[in-house]
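>
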Amino acid sequence: MFCARFYVNLQHHPIFRPMATEQLKNEFLTIEVSTMGAELQSIKNNEGHEYLWQADPDYWPRRSPILFPIVCGLWEGKYRIDGYEYKMERHGFARDTEFTVIAKSDTKVTMALHDTPETHRLYPFHFNLAVTYRLDGKKIHVIWHVENTDNNEIHFQIGGHPAFYVPGVEGGKTLKGKMRFDDSGVIERVFGDVEGCIRPGRFTLEDCRDGMWSFTEESFKNDAVIIDRCQLSEVALLDEDEEPHVTVRFKAPAVGIWSPYGKHAPFVCIEPWYGIHDKAYYKGDFKEKQYMNHLQPGSSFMSEYTIELH
Numbered sequence: 001m002f003c004a005r006f007y008v009n010l011q012h013h014p015i016f017r018p019m020a021t022e023q024l025k026n027e028f029l030t031i032e033v034s035t036m037g038a039e040l041q042s043i044k045n046n047e048g049h050e051y052l053w054q055a056d057p058d059y060w061p062r063r064s065p066i067l068f069p070i071v072c073g074l075w076e077g078k079y080r081i082d083g084y085e086y087k088m089e090r091h092g093f094a095r096d097t098e099f100t101v102i103a104k105s106d107t108k109v110t111m112a113l114h115d116t117p118e119t120h121r122l123y124p125f126h127f128n129l130a131v132t133y134r135l136d137g138k139k140i141h142v143i144w145h146v147e148n149t150d151n152n153e154i155h156f157q158i159g160g161h162p163a164f165y166v167p168g169v170e171g172g173k174t175l176k177g178k179m180r181f182d183d184s185g186v187i188e189r190v191f192g193d194v195e196g197c198i199r200p201g202r203f204t205l206e207d208c209r210d211g212m213w214s215f216t217e218e219s220f221k222n223d224a225v226i227i228d229r230c231q232l233s234e235v236a237l238l239d240e241d242e243e244p245h246v247t248v249r250f251k252a253p254a255v256g257i258w259s260p261y262g263k264h265a266p267f268v269c270i271e272p273w274y275g276i277h278d279k280a281y282y283k284g285d286f287k288e289k290q291y292m293n294h295l296q297p298g299s300s301f302m303s304e305y306t307i308e309l310h
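The numbering of the sequence shown is the numbering used here, which starts it at 1 and goes up by one.
1) For HIS120, which three-state DSSP category applies?
2) Contact check, MET88 vs TYR123 under 8 Å by CB: the rounded distance?
3) Contact defined as beta carbons within less than 8 Å: I believe ILE198 pairs with ILE31. What is the distance between those atoms, to the nearest angstrom?
4) Relative to the C-alpha of GLU217, which candidate in GLN290, HIS277, PHE267 and GLU118 has its C-alpha closest?
5) Going by C-alpha to C-alpha distance, which of LYS25, TYR86, ILE257 and SER42 sits closest to PHE191?
6) Enumerated in chain order, which unbroken segments of the beta strand (DSSP E) with a length of 3 residues or greater are wholly contained in the segment 208–292?
7) If you follow the beta strand (DSSP E) that ASP136 is in, where does it begin and where does it stop?
8) Is PRO297 near ASN128, with beta carbons less than 8 Å apart?
9) Since HIS120 and HIS294 should fall inside the 8 Å C-beta cutoff, what is the C-beta to C-beta distance between them, to a whole number of angstroms?
10) Quick check: what's the CA-CA separation for HIS114 versus ASP210?
11) Please classify PHE203 as buried or exposed, where buried requires at least 16 other C-beta atoms within 10 Å of its C-beta.
12) Which residues share a DSSP beta bridge with THR110?
13) So for GLU76, helix, strand or coil by DSSP?
14) Please report the Cβ distance between PRO65 and GLU39, rounded to the nearest whole angstrom; I am assuming they are in contact, meaning their Cβ atoms lie under 8 Å.
15) For GLU188, is the beta carbon positioned less than 7 Å from some heavy atom of the ligand MG?
16) Determine the direct distance from the alpha carbon of LYS251 to that of GLU234, and round the result to whole angstroms.
17) For the structure I just gave you, are there three or more beta carbon pairs, one from the segment 40–47 and one from the segment 235–244, closer than 8 Å?
18) When burial is assigned at 16 or more other CB atoms within 10 Å of the CB, is ASP207 buried or exposed?
19) Sort PRO162, ASP82 and MET19 by Cα distance to ARG62 and report the nearest one.
20) Should VAL169 and ILE307 be called a contact, given that it needs their Cβ atoms to be closer than 8 Å?
21) Thinking C-alpha only, which one of PHE286, MET111, TYR305 and LEU309 is nearest LYS78?
22) Considering only the beta carbon of each residue, do ILE158 and GLY37 sit closer than 8 Å?
23) Buried or exposed: where does PRO117 fall if 16 or more other Cβ atoms within 10 Å of its Cβ makes it buried?
24) Since ASP278 and GLN231 should fall inside the 8 Å C-beta cutoff, what is the C-beta to C-beta distance between them, to a whole number of angstroms?
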């Protein structure tokens, strides 16, 4: 079902790229998904309230990109496989690549990306990547399926990057909000602020008490807050009454939380990651990176995260 081939333009900027969109709807939600990057474009409740950030380029011109085949940054933008060196931009190429719709109903759509000569120059493996969105009441299931169609073992990372409006915050105003985690203990983080890679050390997450985290723009002064080692499986963005507004649930080993520092943006991203940045000065093999996923020929990987509106 993944046999369709199509032109891949890896140079399109997300602001100007053409796209087709598919709409899904049930009694509670209406969502739109673009074929460009298989990226969510809108999440509205039945009253028409928009939850998903709408890509104002003055702040951040994306909404919910798929991160594949890497998550975050490579040291010096390079990686190595079996003695050969490759270059790849932060977060990989899937987010700027056209997908093909292979299945569609009123409440479910699946889009697929197949390797091409263009992708081989960046990532020397044969693969199929399918992304499915399924509505279930007030929940959106985001399902990833990676299939190894290569003759050799392949290595990859994958992640989500959905951005949500912070209740009560307007663009240009001070960013301030709260999140509730499903772990009320001490939460540790790492920093990815050495040229986009991980600096040594582990640090206690500041302003987090009993599973409640208060954040401001200063929380993102050193880029994303990275919480790894499977510490969390649920993050709820709270409204002004400290009630859940959006809840993201996942089984990924890491989650990034981010808002662009210095822009007074009215949104925050909650990002489930099966992968993480390179460590600063990393010169090892791609397959040895932390949180790397491996697939033997003919095998596949499947996982999902959910977004629930309240």
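Don't be surprised by glycine CBs; every beta carbon is placed ideally from N, CA and C. Nothing here was measured: the structure is a model prediction, and the numbers come from that model.
Taking the structure as given:
1) On the sequence shown, position 120 is the one that residue 120 refers to. It is helical.
2) To locate residue 88, count along the sequence shown from 1; it is residue 88. To locate residue 123, count along the sequence shown from 1; it is residue 123. Yes, they are in contact, since the Cβ atoms of MET88 and TYR123 sit about 7 Å apart, within 8 Å.
3) Here residue 198 refers to the residue found at position 198 of the sequence shown. Here residue 31 refers to the residue found at position 31 of the sequence shown. At roughly 33 Å, the Cβ-Cβ gap does not stay under 8 Å, so ILE198 and ILE31 are not in contact.
4) Here residue 217 is taken as the residue at index 217 of the sequence shown, counted from 1. Out of GLN290, HIS277, PHE267 and GLU118, PHE267 has the C-alpha closest to the C-alpha of GLU217.
5) The residue you call residue 191 lines up with position 191 of the sequence shown. That would be ILE257, whose Cα lies nearest to the Cα of PHE191.
6) Every beta strand (DSSP E) of 3 residues or more that sits fully in the segment 208–292 is shown, in chain order, as 212–216, 225–227, 234–238, 244–250, 254–258 and 267–274.
7) Working through the sequence shown from its first residue, we reach residue 136 at position 136. Segment 127–136, the beta strand (DSSP E) holding ASP136.
8) If you number the sequence shown from 1, residue 297 lands on position 297. If you number the sequence shown from 1, residue 128 lands on position 128. No, the Cβ-Cβ distance between PRO297 and ASN128 is not below 8 Å.
9) The residue labelled residue 120 in the question sits at position 120 within the sequence shown. The residue labelled residue 294 in the question sits at position 294 within the sequence shown. Not really, about 19 Å apart at Cβ, beyond 8 Å.
10) What you label residue 114 is simply residue 114 of the sequence shown in a count that begins at 1. What you label residue 210 is simply residue 210 of the sequence shown in a count that begins at 1. When rounded, the distance between both Cα atoms is 44 Å.
11) Residue mapping note: residue 203 aligns to position 203 of the sequence shown, counting from 1. By the neighbour-count rule (16 or more Cβ atoms within 10 Å), PHE203 is not buried but exposed.
12) The residue you call residue 110 lines up with position 110 of the sequence shown. Its beta-bridge partners are ALA103 and THR132.
13) Residue mapping note: residue 76 aligns to position 76 of the sequence shown, counting from 1. Looking at GLU76 - three-state DSSP - the assignment turns out to be helix.
14) Here residue 65 refers to the residue found at position 65 of the sequence shown. Here residue 39 refers to the residue found at position 39 of the sequence shown. Going by Cβ atoms, the distance from PRO65 to GLU39 rounds to 6 Å, so yes, they are a contact pair.
15) In the structure on display, the ligand MG does not appear, and there are no ligands present to speak of.
16) If you number the sequence shown from 1, residue 234 lands on position 234. If you number the sequence shown from 1, residue 251 lands on position 251. Using only the alpha carbons, I get a separation of about 9 Å.
17) No, the segment 40–47 does not touch the segment 235–244.
18) For the purposes of this step, residue 207 is taken as the residue at position 207 of the sequence shown. The residue is exposed, with fewer than 16 neighbouring Cβ atoms inside 10 Å.
19) To locate residue 62, count along the sequence shown from 1; it is residue 62. Selected option, being the one with the closest Cα: PRO162.
20) Within the sequence shown, residue 169 is the residue found at index 169, counting from 1. Within the sequence shown, residue 307 is the residue found at index 307, counting from 1. The answer is no: Cβ separation not under 8 Å.
21) Residue 78 sits at position 78 when you count from the first residue of the sequence shown. Out of PHE286, MET111, TYR305 and LEU309, PHE286 has the C-alpha closest to the C-alpha of LYS78.
22) The sequence position of residue 158 within the sequence shown is 158, counting from 1. The sequence position of residue 37 within the sequence shown is 37, counting from 1. The answer is no: Cβ separation not under 8 Å.
23) Locating residue 117 in the sequence shown gives position 117, where the first residue counts as 1. With fewer than 16 Cβ atoms within 10 Å of its Cβ, PRO117 is classed as exposed.
24) Within the sequence shown, the letter at position 278 stands for residue 278. Within the sequence shown, the letter at position 231 stands for residue 231. Contact doesn't hold; Cβ gap of about 21 Å is too wide.
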